[in-house]
Amino acid sequence: MSLFSALLYFLIILPFSLVSSQTNVTQTFIIRLQNSLKPSEYSNVVDWYSSTLRSLSTLRAPNYDDNMMVHVYNTVFQGFSAKLSGEQA
């Protein structure tokens, strides 16, 4: 392999492999919502939040997990925190 070919490999192939390896990395995000906007089809806000997370998973990354939701906030503000991949965020 010539020096040019090796350099070309690192400039073109390596960035793609780095991007694909980072898609499974999750970070915790806090999502603020107004509970008064909850659609009537959901009996409570936790069901609404879970449905929102499931829709993100089916659209962007088919790896929905019940552990994605970390916490539900009801006191100071309304919303939830969740672990999301870069694609889902």
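For the sequence shown, UniProt numbering begins at 1 and goes up steadily by one. Note that beta-carbon positions come from the ideal geometry of N, C-alpha and C, so glycine has one too.
For this session: Could you tell me the distance, in whole angstroms, from the CA atom of Ser51 to the CA atom of Val76?
Result: 23 Å
Problem set entry | Proximity to Gln34 [Cα-Cα], best of Gln27, Ala89, Val46 and Asp65 | Val46
For this session: Quick one: which unbroken alpha helix (DSSP H) runs of 4-plus residues sit fully inside the UniProt domain "Inhibitor I9" (28–89)? Chain order, please.
Result: 45–60
Exercise. Can you list, in chain order, the residues of its chain whose CB lies under 7 Å from that of Thr26, leaving out five sequence neighbours each side?
Worked result: Lys83, Leu84 and Ser85
For this session: Would you check if the distance between the CB atom of Val72 and the CB atom of Thr28 is smaller than 8 Å?
Result: no
Exercise. Where Tyr49 and Phe80 are concerned, what is the direct C-alpha to C-alpha distance, given to the nearest angstrom?
Worked result: 7 Å
Exercise. Within this structure, are the beta carbons of Gln78 and Arg32 separated by less than 8 Å?
Worked result: yes
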